[in-house]
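K.L.:
Mind looking over this structure? Questions follow.
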Amino acid sequence: MNLSRATVYIPLVELTDQPNQLLEIYCDGQSEWDKKSLDKDWHFVVSPLRPFGLYEEGLKAVNSVHKLSLKIPFWALYQRFKRYSWLDTQRLHCVNILDFEGESMQLGLAIALLMNSSRSPIRYTIATGKLSNDTQKDYDVAVDTVNGIPQKLQLLLEKRQSNALPRDFLYCFTPYEYLHNGKRYPVNNLPEVKALAALNIQVKPIRWLSDAAKILHADESHFLPEDKSLLVSTSIIAILFIWLTLHVSWLNYPIHIDVLRGKEKNEPFLVCTNRDETEVQYYDLKRDGSVALLPILADKNQDYNLGIGWKIKPLKTPLTSLYYIALIDVGEKAAYKIITHDTETQQAITVAADDVFQWYWPMEEEINKTYEEERVLMIAMQRTPIAAEDIYQLLIARFPESESLKVLEVRDFLTTQFPGSYAFAYKSIFSSPPCVKSMP
Amino acid sequence: MRKRVLIPIMSLGRESEVVFLEIISEPAYFYGVNFQAIHKSGLTSSVIETKKILETLAYSDIPASHLQIGNHFLNLDSLNSVNLGLILSIFIQQKLCNYQKIIAIGTIQHDCLQLPLVGGDYLEAQLTSILKLGVQPEKVPLFFPSAALNDIDAALMAHLAKLNIFLKPVANAYQVLDCLGISADFCAMS
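Protein sequences appear in the order of chains L and G. According to our numbering, the first sequence is numbered sequentially starting from 21. According to our numbering, the second sequence is numbered sequentially starting from 15.
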């Protein structure tokens, strides 16, 4: 038994110059006729039937199955785009060598196509009948009676008894009625029907092709290899796309930063240390209206260091335990100062989620190149390492050096570039800081 | 949704009878009309004509449709133009068109700007064959050239109406679109 293809036996009687016999046809997905069919413009599905004189009957069967159509499985993506590929990939073949023209094999050819292109578990069946495009149903095909149905059933009995048919249970599809002396009678009344039933062949008289499809469970097309390939590639693309989307979402998921209290206020503050940094003092920045003021040294020969410091706490976000930090100071005249790595250890500056990060930016190295101006201090965070050079290039590209720098525009731009950021606008002024008097 | 257009044509066989060429139209996923399945059915020249008609109609919202032949005939190559049937198969997928089945008689003259509809020599045989379709479960419009209206016997018209088949005489392709409910309400008047 070959389970990879559907086989239909068609009883033929009253043949000219030939004994009654069973025509065996089968349907599978391969044919060496395809190249020739392409050259000759023949129908691929039925071209292997040409040498047997069954091309026209095959074409009628194809049209009928086409009209009936099958449901397409939900995941059969290829079939959704390439219509009727479940039918176009079938090839009808004939086993017996005979040149016989007869309409009674149309039903058998259509059933072979239905069985092989659907998920029908049945692989062998018997059929005789003519297909006719009945006008009462738009998407179904009527099964018309043919001559010699009693003789055909008799032939089946003989073939069954001589083991010329598969031993399994078999359906035998026939038209609903048979002709006798020009009158029509129900096939079920024939005595051969019961005799065949005793031999495990159930005669099923049908009025429509769809009746056969129901009995054979041939209502849904099977998965094609192309469907599998397309499903696999689509799944891979979908998984990659989802992974990429999730990764990008994760990278850009906002990082909330809590600014902790320095002295009294929750904002950056002034830091004073003595030269060996054994003593530290914190002061809130004074304000001129709403503008925070950072006093820059009036005299560079002081005995202390001065800087701006802050305490911040980034909150935990999903799948993240560590954030990378960039410290950016922007002044209209002082331009950009960017720190991403510790100057001593050359390690990237990082902070654990829910941990407090404090930093002190000494101003002493800027004594000779600082100005009284509006500035923005920015703390930027992301989940992957940050390079100062990358930020610098980003800023240069966005704000060319030839143009005057507008610090608030830079602040707004940088805010959009990082998932977490905190920006503090202040004004540097030349004045004596409050720590002067109290430092040793 | 699957919809059908039936075109009664004279077979070229010995018996010379009217057979119905059946075009099945289904909505497509992508923009435009997919003629691929009917190219190899001997309708290449009609497809070319149909494309020209679509260009002349200059209709901006052509429904995405997939056309195929419902019943192959071996001698399709020698068919006369069936461009009206193809145009109807395309626009039957238009959202405003409620018809499930349409019958089409006539040919659109694609090389004329007015796109007039002309009939053939065997209208009577075509109409008689339509009677054999029997009673239709839903209303089926029968498009045919309005110039041929006087040739149709009143009794035949009444018989068709009993079968739920209604005459839609049209003079040109623009009126065909009107009749499908796509632009004006020309058909309501006719």
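By construction, the Cβ of each residue, glycine as well, lies at the ideal position given by its N, Cα and C atoms.
At least one CB of chain L closer than 8 angstroms to the CB of Ala51(G): is that the case?
P.N.:
For the purposes of this step, residue 51(G) is identified with residue 37 of the second sequence, where counting begins at 1. Answer yes: the Cβ-Cβ gap between Ala51(G) and chain L drops below 8 angstroms somewhere.
K.L.:
Using the DSSP secondary-structure output, state which residues sit across from Leu81(G) in a beta bridge.
P.N.:
Reading the second sequence from its first residue, position 67 is the one you call residue 81(G). In DSSP, Leu81(G) forms a bridge with Ser39(G).
K.L.:
Since I believe Pro93(L) is in contact with Phe243(L) (beta carbons under 8 angstroms), could you give me their beta-carbon distance rounded to a whole number of angstroms?
P.N.:
Position 223 of the first sequence, counted from the start, is the residue given in the question as residue 243(L). Position 73 of the first sequence, counted from the start, is the residue given in the question as residue 93(L). With a Cβ gap of about 6 angstroms, Phe243(L) and Pro93(L) count as contacting.
K.L.:
What would DSSP say about Asp91(G), mapped onto helix, strand or coil?
P.N.:
Counting from one through the second sequence, the residue named residue 91(G) turns up at place 77. For Asp91(G), the pLDDT reaches just 45, beneath the cut-off of 50, and the residue's location in the model is therefore unreliable, although a value from the coordinates is still provided. Correct three-state label for Asp91(G): helix.
K.L.:
What residue does the beta strand (DSSP E) around His200(L) start on, and which one ends it?
P.N.:
Position 180 of the first sequence, counted from the first residue, corresponds to residue 200(L). From DSSP, the beta strand (DSSP E) with His200(L) extends over Glu197 to His200.
K.L.:
Going by DSSP, what residues sit across from Cys114(L) in a beta bridge?
P.N.:
Numbered from its first residue, the first sequence carries residue 114(L) at position 94. Note: Cys114(L) sits in a beta bridge opposite Ile45(L).
K.L.:
Which residues share a DSSP beta bridge with Ala147(L)?
P.N.:
Mapped onto the first sequence, residue 147(L) falls at position 127. Partner(s): Phe193(L).
K.L.:
Considering only their Cβ atoms, is the gap separating Gly327(L) from Val291(L) smaller than 8 angstroms?
P.N.:
The sequence position of residue 291(L) within the first sequence is 271, counting from 1. The sequence position of residue 327(L) within the first sequence is 307, counting from 1. Yes, Cβ-Cβ distance for Val291(L) and Gly327(L) is below 8 angstroms.
K.L.:
With 8 angstroms as the C-beta to C-beta threshold (strictly closer), list the residues of the segment 77-110 of chain L near chain G in chain order.
P.N.:
Taking 8 angstroms as the cut-off between beta carbons, the residues of the segment 77-110 of chain L near chain G are Leu79, Val82, Asn83, His86, Lys87, Ser89, Arg100, Phe101, Arg103 and Tyr104, in sequence order.
K.L.:
Can you list the beta strand (DSSP E) stretches of 3 or more residues lying completely in the segment 271-296 of chain L, in chain order?
P.N.:
277-279 and 289-294
K.L.:
Secondary structure at Arg139(L), three-state DSSP: helix, strand or coil?
P.N.:
Working through the first sequence from its first residue, we reach residue 139(L) at position 119. Note: Arg139(L) maps to coil in three-state DSSP.
K.L.:
Thinking C-alpha only, which one of Leu174(G), Val190(G) and Ser160(G) is nearest Pro183(G)?
P.N.:
Position 169 of the second sequence, counted from the first residue, corresponds to residue 183(G). Nearest option by C-alpha distance: Ser160(G).
K.L.:
For Ser24(L), I'd like the list of residues in its chain whose CB is within less than 7 angstroms of its CB, leaving aside the five on either flank, ordered along the chain.
P.N.:
One-based indexing of the first sequence puts residue 24(L) at position 4. These residues qualify, in order along the chain: Asp48.
K.L.:
Using the three-state DSSP reduction, which class does Glu69(G) fall into: helix, strand or coil?
P.N.:
Working through the second sequence from its first residue, we reach residue 69(G) at position 55. The answer is helix: DSSP assigns Glu69(G) an H, G or I state.
K.L.:
Does the beta-carbon distance from Phe34(G) to Leu57(G) come in below 8 angstroms?
P.N.:
Working through the second sequence from its first residue, we reach residue 34(G) at position 20. Working through the second sequence from its first residue, we reach residue 57(G) at position 43. No, the pair does not count as a contact, with Cβ atoms beyond the cut-off.
K.L.:
Ordered along the chain, which non-local residues of its own chain (more than five positions away) have a Cβ less than 8 angstroms from that of Arg281(L)?
P.N.:
The residue labelled residue 281(L) in the question sits at position 261 within the first sequence. The beta carbon of Arg281(L) sits closer than 8 angstroms to the beta carbons of Lys331 from its chain, once the five residues preceding and following it are set aside; these are given in chain order.
K.L.:
Where do the ends of the alpha helix (DSSP H) carrying Asp108(L) lie?
P.N.:
To locate residue 108(L), count along the first sequence from 1; it is residue 88. For Asp108(L), the enclosing alpha helix (DSSP H) starts and ends at Ser105 to Asp108.
K.L.:
Does the CB of Asp158(L) have a neighbour CB from chain G at under 8 angstroms?
P.N.:
Taking the first sequence and counting its residues from 1, the one referred to as residue 158(L) is at position 138. At least one chain G Cβ lies under 8 angstroms of Asp158(L).
K.L.:
Establish whether the CB of His80(G) and some CB of chain L are separated by less than 8 angstroms.
P.N.:
Translated into positions along the second sequence, residue 80(G) becomes position 66. Residue contact check for His80(G) against chain L: a CB pair falls below 8 angstroms.
K.L.:
What are the partner residues of Trp381(L), as DSSP defines its beta bridges?
P.N.:
Counted from its first residue, the first sequence places residue 381(L) at position 361. Answer is Ile328(L), bridged to Trp381(L).
K.L.:
From Leu434(L) to Val396(L), what distance separates their C-alpha atoms?
P.N.:
Position 414 of the first sequence, counted from the start, is the residue given in the question as residue 434(L). Position 376 of the first sequence, counted from the start, is the residue given in the question as residue 396(L). Near 11 angstroms, if we compare the C-alpha coordinates of Val396(L) and Leu434(L).
K.L.:
Quick test of your reading: Thr27(L) and Arg180(L), contact by CB under 8 angstroms. State the CB separation rounded to the nearest angstrom.
P.N.:
Start at 1 with the first residue of the first sequence, and residue 27(L) comes out as number 7. Start at 1 with the first residue of the first sequence, and residue 180(L) comes out as number 160. With 8 angstroms as the limit, Thr27(L) and Arg180(L) do not qualify as a contact, their Cβ atoms being about 15 angstroms apart.
K.L.:
Would you tell me roughly how many angstroms separate the C-alpha atoms of Leu147(G) and Leu251(L), rounded to the nearest one?
P.N.:
Counted from its first residue, the second sequence places residue 147(G) at position 133. Counted from its first residue, the first sequence places residue 251(L) at position 231. Near 43 angstroms, if we compare the C-alpha coordinates of Leu251(L) and Leu147(G).
K.L.:
Residue ranges of each beta strand (DSSP E) run of no fewer than 3 residues wholly in the segment 351-439 of chain L, ordered along the chain?
P.N.:
355-359, 370-372, 377-382 and 393-402
K.L.:
Could you say if the segment 434-452 of chain L and the segment 68-82 of chain G meet the contact criterion of at least three C-beta pairs nearer than 8 angstroms?
P.N.:
They do not touch, by the three-pair rule.
K.L.:
Run the CB neighbour count on Ser92(G), radius 10 Å, all protein chains shown included, and call it buried at 16 or more, exposed below.
P.N.:
Locating residue 92(G) in the second sequence gives position 78, counting from the first residue. Low confidence applies here, because Ser92(G) scores a pLDDT of 46, under 50, leaving its location unreliable; read the following figure in that light. By the Cβ-count criterion, Ser92(G) is exposed, with fewer than 16 other Cβ atoms from all chains shown falling within 10 Å of its own Cβ.
K.L.:
Work out the CA separation of Arg418(L) and Asn294(L) for me, nearest whole Å.
P.N.:
Along the first sequence, one-based indexing puts residue 294(L) at 274. Along the first sequence, one-based indexing puts residue 418(L) at 398. Approximately 40 angstroms between the Cα atoms of the pair.
K.L.:
Spatial neighbours of Asn286(L) within its chain, please: CB distance less than 6 angstroms, with the 5 preceding and 5 following residues excluded, ordered by chain position.
P.N.:
The residue labelled residue 286(L) in the question sits at position 266 within the first sequence. Contacts found: Val279.
K.L.:
So, for Phe10(L): in the same chain, excluding its five sequence neighbours on each side, which residues have a beta-carbon less than 6 angstroms away from its beta-carbon?
P.N.:
Outside the shown range of chain L (21 to 460) lies residue 10(L), about which nothing can therefore be said.
K.L.:
Quick one: which chain L residues come within Cβ less than 8 angstroms of Tyr43(G)?
P.N.:
As a working note, residue 43(G) is residue 29 in the second sequence. Chain L residues near Tyr43(G): Arg100 and Phe101.
K.L.:
Excluding the 5 residues flanking Asn48(G) on each side, which residues of the same chain have their C-beta closer than 6 angstroms to its C-beta?
P.N.:
For the purposes of this step, residue 48(G) is identified with residue 34 of the second sequence, where counting begins at 1. Ala42 and His80.
K.L.:
How many whole angstroms separate the CB atoms of Ile179(G) and Leu163(G), which I take to be in contact at a CB cut-off of 8 angstroms?
P.N.:
The residue labelled residue 179(G) in the question sits at position 165 within the second sequence. The residue labelled residue 163(G) in the question sits at position 149 within the second sequence. Ile179(G) to Leu163(G), Cβ: 15 angstroms. No contact.
K.L.:
Step through the CB atoms of chain L and report whether any lies within less than 8 angstroms of the CB of Lys65(G).
P.N.:
Counting from one through the second sequence, the residue named residue 65(G) turns up at place 51. No, Lys65(G) does not count as interfacial toward chain L.
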